[in-house]
Every structure is written in C-alpha cells, then in structure tokens.
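Asker:
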Amino acid sequence: MDYFPYNPANRIFTEADIHRILRTHGLPHYRVTNRKLFQTAMVHTTYVRRATYTTPDGNPANLAPCPAGMMPLQDESYECLEFEGDAVLGCCVATYLRHKFPEKKQGFLTDARKELVNNDRIGDLSKKLGLDRFYVISRNNEESVAIRGRTNTKKLGDIFEAFLGALWTDCGNRFNIVSTFVNTVLETYLDVDEIVASATNFKDLFQKYSQREFKTTPVYEMRSNDPKKNEIVVAVFVAGKVYGIGAGSTRKKAEQLACKEALANVGDAGSEHEPCDHT
C-alpha cells in the first residue's frame with residue numbers, strides 16, 4: 001500500500017513573504033541571508049522524509065511518488081528551530097517586561113511572562129502574522145478533524161517559536177534584532193497592560209499575606225452555585241473570619257476574585273488586617 005502525504009494546500013514560504021512579515025513588524029531594513037531556515041521553520045514532522053513509512057492507521061507502506069506541482073517531502077522539521085525560538089522568546093519577553101514594569105518584583109514578572117507566552121497566546125499571534133498559511137503538513141494532518149491541522153493552536157505556536165529561531169540564527173544571534181521583532185508583535189496585537197493585570201495571582205498573594213500576618217493559610221468556602229447564572233460564589237476565611245467574597249464562572253475564578261477583594265480590604269501595604277463585614 002502506498003503512503004501519500006502530499007498536501008496540495010502546502011505553499012512555499014518565499015523570501016518576499018518572509019520580508020513582508022519582518023518589514024511590517026519592526027524590521028523594515030532587514031535582509032534575510034538564509035531563506036531555507038525560515039522555510040524549515042514551517043515544516044511539521046509529518047512532512048519530513050523518513051527511512052520507513054506507515055499509513056495513518058499504522059500499516060507498513062511505500063512512499064508514493066510526489067505529483068507534479070506539489071511540494072515534495074522535506075529533509076528537516078521545525079523542531080530544533082522551535083527549541084531555540086522558545087528560549088529566545090522567553091528572554092525577549094522577560095526583557096520587555098523588565099523595562100515596561102521596572103518597579104515590579106520577580107513574582108509579578110514571572111507570572112506576566114507565563115501569561116504572554118502561553119500556547120494559546122502565541123498560537124493566535126502566529127495566525128495574526130499569517131504563518132498558518134505557510135505551515136507545511138501532511139494531507140492526513142490537514143484533513144483530520146481530531147488533529148485540526150492548520151488550525152491547531154499549539155502547533156501554530158510551535159511554528160511562531162521556530163520562526164523566531166530562524167530569525168535568531170539568520171541574524172547571527174543579535175538579540176536586539178529579534179527583540180525588536182517580538183516587542184513590535186506584542187505591542188501590535190496584544191493589550192499587554194490588560195493581560196498582565198488579569199494574570200495577577202491574587203490567591204497566591206493573599207496566601208503569602210495570611211502566612212506572614214497570621215501564620216496560617218486561608219480557607220475557602222463555596223457560598224452558592226447557580227448553574228443557570230453560570231456563577232459560583234466563594235468566601236475566603238482566615239482564622240474563622242471572612243476577608244473577601246468573589247463570584248465567577250468557575251470556582252478557581254471565584255477564589256481569585258475573593259482574594260482580590262481580601263487584599264483590597266487589608267490594604268496595599270499589608271499593614272491592616274481587619275476582616276470585612278460579610279454576613
């Protein structure tokens with residue numbers, strides 16, 4: 001039986017395409033020296049030549065000839081470039097946040113970076129850059145409802161990181177070039193202030209406050225659960241007293257909002273710790 005991975009939806013990532021993305025995201029004068037790096041950054045493992053082949057259901061198969069006009073299988077996938085790009089992205093975002101929020105401490109910066117570089121976020125950025133159009137995948141990968149091929153957010157995040165790995169290598173590891181690109185992408189497509197504000201871990205902050213001031217950890221109690229309103233109400237207690245109440249669509253969100261209220265009630269400086277009057 002023949003293995004037929006060739007996908008008519010695959011398209012070549014041309015030098016003009018690469019320059020268009022770079023030019024419109026902070027690097028108008030950058031000239032690519034190795035186009036192949038960026039093309040490799042788009043190649044999934046299902047479109048790489050192998051010693052042996054199997055059908056999608058796992059049976060041994062012979063590789064079918066590549067039809068005229070279709071992209072042949074490639075020699076290498078994006079995985080190594082993704083590895084580099086992942087590290088570079090983390091460093092770029094860390095530097096960006098350190099300069100944007102110079103007064104913030106490590107815990108805040110760490111939480112903010114996690115929020116900005118999560119798979120859903122960078123997968124969405126990949127689509128906004130148009131990288132999904134150049135993602136090179138097998139026909140089965142493209143057509144599978146379960147795999148979700150070209151719309152798989154995690155995989156699109158992978159090729160965004162691989163694109164950064166290609167740029168990092170192509171520019172001779174010049175951090176300022178990659179960071180300029182990353183910073184421009186972040187500021188073009190994301191409301192960083194809003195994302196970072198919503199990512200604050202109020203539960204962790206209030207737990208630290210409680211342990212410091214009372215030598216104990218908070219206790220959470222569900223006050224109500226209304227499926228019709230899709231609302232859960234949770235109270236946070238310390239030493240048997242209510243310090244905050246929060247309502248959210250999940251218990252996790254309700255606990256976060258309860259702790260946010262608790263922190264507001266004890267004051268930003270943490271010098272007051274009177275419970276709020278929730279009865």
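full-length UniProt numbering numbers the first residue of the sequence shown as 1 and each following residue consecutively. Ideal Cβ placement from N, Cα and C applies to all residues, glycine included. Quick caveat, the model's predicted, so the values are computed rather than measured.
So, helix, strand or coil for Lys241, using DSSP?
Answerer: In this structure, Lys241 counts as strand in the three-state DSSP scheme.
Asker: Rounded to whole angstroms, what is the Cα-Cα separation between Glu274 and Asn225?
Answerer: Its pLDDT being 44, under 50, Glu274 is placed unreliably by the model, and the measurement read from it follows with that caveat. The straight-line gap from Cα to Cα measures roughly 27 Å.
Asker: What separation, rounded to the nearest whole angstrom, lies between the Cα atoms of Val242 and Val236?
Answerer: Between Val242 and Val236, the C-alpha separation is close to 6 Å.
Asker: Taking the continuous beta strand (DSSP E) assigned at Glu76, which residues delimit it?
Answerer: Run containing Glu76: none; DSSP gives neither H nor E here.
Asker: Is DSSP giving Asn225 helix, strand or coil here?
Answerer: It is a strand residue.
Asker: Nearest to Leu186 by CA position, among Gln39, Thr24, Asn34, is which residue?
Answerer: Nearest C-alpha to Leu186: Thr24.
Asker: Compare the beta carbon distance of Val234 and Phe214 with 8 Å and say whether it is the shorter of the two.
Answerer: No, the Cβ-Cβ distance between Val234 and Phe214 is not below 8 Å.
Asker: Quick one: Cα of Thr40 to Cα of Gln207, how far?
Answerer: Straight-line Cα distance between these residues: approximately 46 Å.
Asker: Rounded to whole angstroms, what is the Cα-Cα separation between Pro5 and Asp86?
Answerer: Those two C-alpha atoms are separated by around 28 Å.
Asker: Consider the Cβ of Tyr47: report whether some Cβ of chain D lies at a distance smaller than 8 Å.
Answerer: No chain D appears in the structure shown, which is made up of a single protein chain.
Asker: So, helix, strand or coil for Asp57, using DSSP?
Answerer: In the structure shown, Asp57 sits in coil (DSSP, three-state: anything other than H, G, I, E or B).
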